[in-house]
Amino acid sequence: MNCPITPRNWFLAGLLTIGFSGTAVATGNLEETVPDLPANGLLVTVVDAASNVSIPEFRVIAGVSASSIAAEFEKRTGKEVVNWQPHTARAGQNGDLVWPLDKAYDVMALRIEADGFQPTRSAWIKKSGGPQRIEIRLQSDPMVNGRVLQPDGKSAARAIIAFALPQKDAVVEKGRLRGIELPLPEKLGDRWRRPSTFETDGVGEFRVPTETDPAAAVLILHDSGVAEMPISKFVSTRNIMLTAWGRVEGRVLWHDRPGAGESVGLSIHRNEYGYPGTIAQFDQAQTDAEGRFVFDRVLPGLAQVSRWITLADANGGSPSSWVFPGLFAHVTVRSGDPTRMLIGGQSRTVTGRLTGRDSWDGVTIHFHPTAPRMGGFGGRDNGWKAFNEFRTSPFGPLFFRDKLQPKADGSFEIPNMLPGRYQVFVSATDAKGYVASTAIEVEPETPGEKPVPLDIGKIELKPK
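Okay, so the sequence shown: first residue is 38 according to our numbering, each after it adds one.
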């Protein structure tokens with residue numbers, strides 16, 4: 038027999054009480070107060086749809102359009118995505134709450150939550166409409182029942198179930214849900230930012246609240262395995278079978294030198310649930326003397342593994358990490374069996390031919406990984422500082438090369454090139470600026486296989 042499972046992350050002590058004068062009206066057998074419309078706010082009234090009685094305690098969160106970020110999901114599903122803003126979370130009591138207009142977005146939606154009821158989203162609200170009354174009628178929650186099974190079909194007792202929404206991410210760190218053991222934050226918005234979590238019973242069964250947001254995702258974690266899915270699949274699946282955790286076994290190799298004692302990071306950032314990063318994983322490891330590293334308990338699917346360039350003291354006074362082409366690799370992590378990968382590699386020879394001149398005297402070739410954009414998050418100075426750290430690192434000379442000379446026939450051969458995306462430039466002593474440029478992609482290497490040479494074809498120079 039199942040019993041309701043209490044969510045771990047809601048503790049509503051000390052809710053803000055907001056009272057209003059108003060007109061007394063009869064609602065069923067109860068007398069309630071209907072507040073007057075505030076002069077500079079939105080009056081949110083929340084009642085039980087079945088009884089028309091005011092909800093004693095509830096939470097309201099504002100959200101804005103997810104815009105182009107969710108365009109693919111909205112086209113694929115026909116469902117609208119709201120980008121919820123946790124810092125806006127407010128608590129209401131006795132069926133009403135005033136949302137100050139000066140705290141409203143130009144266009145926003147409201148999410149209303151109350152224990153024992155299904156969460157509800159309002160229609161879009163325009164600030165330009167001035168003071169408004171917004172009535173929310175919450176439906177009783179029938180709850181969702183099911184069972185979680187291990188990959189071998191046995192019951193997954195004490196599995197953790199996490200509900201994630203836009204800006205309410207479920208993140209895996211070292212095979213566990215991030216923050217699961219931490220005390221709850223004092224601020225309501227910080228609490229809302231935590232995913233709602235539940236636990237299966239001794240036979241893997243669960244009874245959890247209904248989630249109505251179409252962009253919600255569910256992450257289930259157990260020692261034996263893991264599962265992730267959209268909320269629509271979760272509510273329609275009675276028996277959820279976990280898949281075995283993935284394992285990444287990798288190596289950092291700079292041509293003939295192992296990347297010993299280097300920090301590498303694993304990043305998983307799901308985009309398919311409606312909003313980027315709703316389900317994610319971040320972990321770090323240190324390479325051994327042979328440049329080898331391991332990540333255990335990894336979400337199966339697409340992942341990125343990076344060798345970060347870290348600035349110990351960035352412009353803001355705190356460390357910042359950067360990754361550039363050639364210092365990361367994308368892998369599809371398998372369930373169960375180890376997934377092997379390389380950052381860097383053995384290297385290969387790249388060949389090509391310059392055209393457009395009779396003589397190649399004074400002509401030189403230069404290349405480096407794609408440079409950071411000017412500006413952007415973190416400031417342009419930090420990006421260029423990190424890029425310079427990359428260039429001057431022990432392995433930098435493999436990625437940054439200058440004044441390579443073509444042969445007499447214009448052909449060239451560049452040995453020991455590592456995977457990455459490169460910008461290639463050609464200079465001539467008799468011309469100002471570059472006389473040619475292109476971009477090339479050197480594909481990642483497969484562990485245990487000799488990389489094949491790459492011919493990039495012709496590079497046409499500008500006429501003299």
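Each residue gets a CB set at the ideal place from its N, CA and C atoms; glycine is no exception.
message = How far does the alpha helix (DSSP H) with F432 in it extend, from its first residue to its last?
response = Sequence index remark: in the sequence shown, residue 432 carries index 395 (1-based). First-last for F432: undefined, no H or E at that position.
inquiry  = Below 8 Å on the Cβ atoms is my contact criterion, and I expect G447 with T392 to pass it. Report the Cβ-Cβ distance as a whole number of Å.
reply    = Position 410 of the sequence shown, counted from the first residue, corresponds to residue 447. Position 355 of the sequence shown, counted from the first residue, corresponds to residue 392. Correct: roughly 6 Å between the Cβ atoms.
inquiry  = Going by beta-carbon coordinates alone, are K112 and P251 separated by less than 9 Å?
reply    = Taking the sequence shown and counting its residues from 1, the one referred to as residue 112 is at position 75. Taking the sequence shown and counting its residues from 1, the one referred to as residue 251 is at position 214. No, the Cβ-Cβ distance between K112 and P251 is not below 9 Å.
message = Measuring straight from C-alpha to C-alpha, what distance separates P406 and P375?
response = Here the question's residue 406 lines up with position 369 in the sequence shown. Here the question's residue 375 lines up with position 338 in the sequence shown. Their Cα atoms are separated by approximately 30 Å.
key: Same chain only: Cβ atoms within 8 Å of T82, ignoring 5 sequence neighbours per side   = If you number the sequence shown from 1, residue 82 lands on position 45. Here the set comprises V71, P72, S91, G132, D133, R170, I171, E172, I173.
Selection from G100, P123, S300 that minimises the alpha carbon distance to A36 = As shown, the chain starts at 38 and ends at 501. That puts residue 36 outside it, with no answer to give.
ask   = F427 to P220, Cα distance in whole Å?
value = On the sequence shown, position 390 is the one that residue 427 refers to. On the sequence shown, position 183 is the one that residue 220 refers to. If you take the alpha carbons of F427 and P220, they lie about 39 Å apart.
query = If you pair each beta-carbon of the segment 173-182 with each one of the segment 197-208, do three or more pairs fall below 8 Å?
reply = no
Simplified DSSP assignment, three categories, for G418 = The residue you call residue 418 lines up with position 381 of the sequence shown. At residue 418 the sequence reads Asp, which differs from the Gly that was named. Correct three-state label for D418: helix.
inquiry  = My parser needs the beta strand (DSSP E) runs of 3 or more residues fully inside the segment 318-344; what are they?
reply    = 329-335, 338-344
message = To the nearest angstrom, how far is the alpha carbon of D238 from that of A366?
response = Along the sequence shown, one-based indexing puts residue 238 at 201. Along the sequence shown, one-based indexing puts residue 366 at 329. Near 39 Å, if we compare the C-alpha coordinates of A366 and D238.
query = Should R307 and E265 be called a contact, given that it needs their Cβ atoms to be closer than 9 Å?
reply = Position 270 of the sequence shown, counting from 1, holds the residue named residue 307. Position 228 of the sequence shown, counting from 1, holds the residue named residue 265. The answer is yes: Cβ separation under 9 Å.
query = How close, in whole Å, do the beta carbons of I477 and T386 come, if the pair is a contact with beta carbons under 8 Å?
reply = Position 440 of the sequence shown, counted from the start, is the residue given in the question as residue 477. Position 349 of the sequence shown, counted from the start, is the residue given in the question as residue 386. Not really, about 13 Å apart at Cβ, beyond 8 Å.
ask   = Hey, V135 and P75: beta-carbon distance below 9 Å or not?
value = Translated into positions along the sequence shown, residue 135 becomes position 98. Translated into positions along the sequence shown, residue 75 becomes position 38. Yes.
Buried/exposed call for D439, threshold 16 Cβ in 10 Å = Mapped onto the sequence shown, residue 439 falls at position 402. So D439 ends up on the exposed side.
task = Enumerate in chain order the residues of its own chain whose CB-to-CB distance from E210 is below 8 Å, with the five nearest sequence positions on each side excluded.
result = The residue labelled residue 210 in the question sits at position 173 within the sequence shown. Same-chain partners within the cutoff: Q318, F319, D320.
inquiry  = Give me the DSSP bridge partner(s) of W291.
reply    = Walking along the sequence shown from the start, residue 291 turns up at place 254. Partner(s): R294, G382.
query = How is the alpha helix (DSSP H) around D143 delimited, first residue to last?
reply = Within the sequence shown, residue 143 is the residue found at index 106, counting from 1. No alpha helix (DSSP H) holds D143; DSSP gives it neither H nor E.
Rounded C-alpha distance that separates V62 from L175 = The residue labelled residue 62 in the question sits at position 25 within the sequence shown. The residue labelled residue 175 in the question sits at position 138 within the sequence shown. Low local confidence applies: a pLDDT of 31 at V62 is under 50, so the model's placement there is unreliable, and no value is given.
query = chain C beta carbons: is any one of them nearer than 9 Å to that of P434?
reply = In the structure shown, chain C does not exist; there is a single protein chain.
query = Alpha carbon to alpha carbon, how far is A473 from D293?
reply = Counted from its first residue, the sequence shown places residue 473 at position 436. Counted from its first residue, the sequence shown places residue 293 at position 256. The alpha-carbon atoms of A473 and D293 are separated by roughly 31 Å.
task = Can you have a look at K224 and say buried or exposed, based on whether 16 or more other CB atoms are within 10 angstroms of its CB?
result = Counting from one through the sequence shown, the residue named residue 224 turns up at place 187. When all chains shown are included, K224 counts as exposed.
request  = Can you grab the Cα-Cα spacing for the pair E94 / F154, in whole Å?
outcome  = Reading the sequence shown from its first residue, position 57 is the one you call residue 94. Reading the sequence shown from its first residue, position 117 is the one you call residue 154. Approximately 11 Å between the Cα atoms of the pair.
CA-to-CA distance, R148 to D139, given in whole angstroms = Counting from one through the sequence shown, the residue named residue 139 turns up at place 102. Counting from one through the sequence shown, the residue named residue 148 turns up at place 111. Rounded to whole angstroms, D139 to R148 spans 18 Å at the Cα level.
ask   = Between which two residues does the beta strand (DSSP E) carrying T347 extend?
value = Start at 1 with the first residue of the sequence shown, and residue 347 comes out as number 310. Segment 346-348, the beta strand (DSSP E) holding T347.
ask   = With 16 other CB atoms within 10 Å as the buried threshold, where does R394 fall?
value = Position 357 of the sequence shown, counting from 1, holds the residue named residue 394. Classification for R394: buried.
Cβ neighbour criterion (16 or more within 10 Å) applied to S357 = Along the sequence shown, one-based indexing puts residue 357 at 320. By the neighbour-count rule (16 or more Cβ atoms within 10 Å), S357 is buried.
Anticipated Cβ contact below 8 Å, G283 with R377, distance rounded = Position 246 of the sequence shown, counted from the first residue, corresponds to residue 283. Position 340 of the sequence shown, counted from the first residue, corresponds to residue 377. Going by Cβ atoms, the distance from G283 to R377 rounds to 12 Å, so no, they are not a contact pair.
ask   = Using a Cβ-Cβ cut-off of 6 Å (strictly less than) and excluding sequence neighbours within five positions of G296, which residues of its own chain qualify?
value = Translated into positions along the sequence shown, residue 296 becomes position 259. Taken in chain order, the residues that qualify are V289, T324, G328.
query = beta strand (DSSP E) containing L175: first to last residue?
reply = On the sequence shown, residue 175 is found 138 positions in, with the first residue counted as 1. Unbroken beta strand (DSSP E) run through L175: 169-175.
ask   = In chain order, what residues of the same chain have a beta carbon less than 6 Å from the beta carbon of P490, not counting five sequence neighbours either side?
value = As a working note, residue 490 is residue 453 in the sequence shown. Excluding sequence neighbours, P490 sits near R385, T386.
inquiry  = Considering only the alpha carbon of each residue, which of I346, K163, W421, R458 lies closest to G363?
reply    = Taking the sequence shown and counting its residues from 1, the one referred to as residue 363 is at position 326. Closest option to G363, Cα to Cα, is R458.
inquiry  = Looking at W345: is its Cβ nearer than 9 Å to the Cβ of V360?
reply    = Against the sequence shown, residue 345 aligns to sequence position 308. Against the sequence shown, residue 360 aligns to sequence position 323. Yes, the pair counts as a contact, with Cβ atoms nearer than the cut-off.
task = Kindly indicate which residue of D189, I162, R213, A253 has the alpha-carbon position closest to the one of K205.
result = Start at 1 with the first residue of the sequence shown, and residue 205 comes out as number 168. Taking only the C-alpha atoms, the option nearest K205 is A253.
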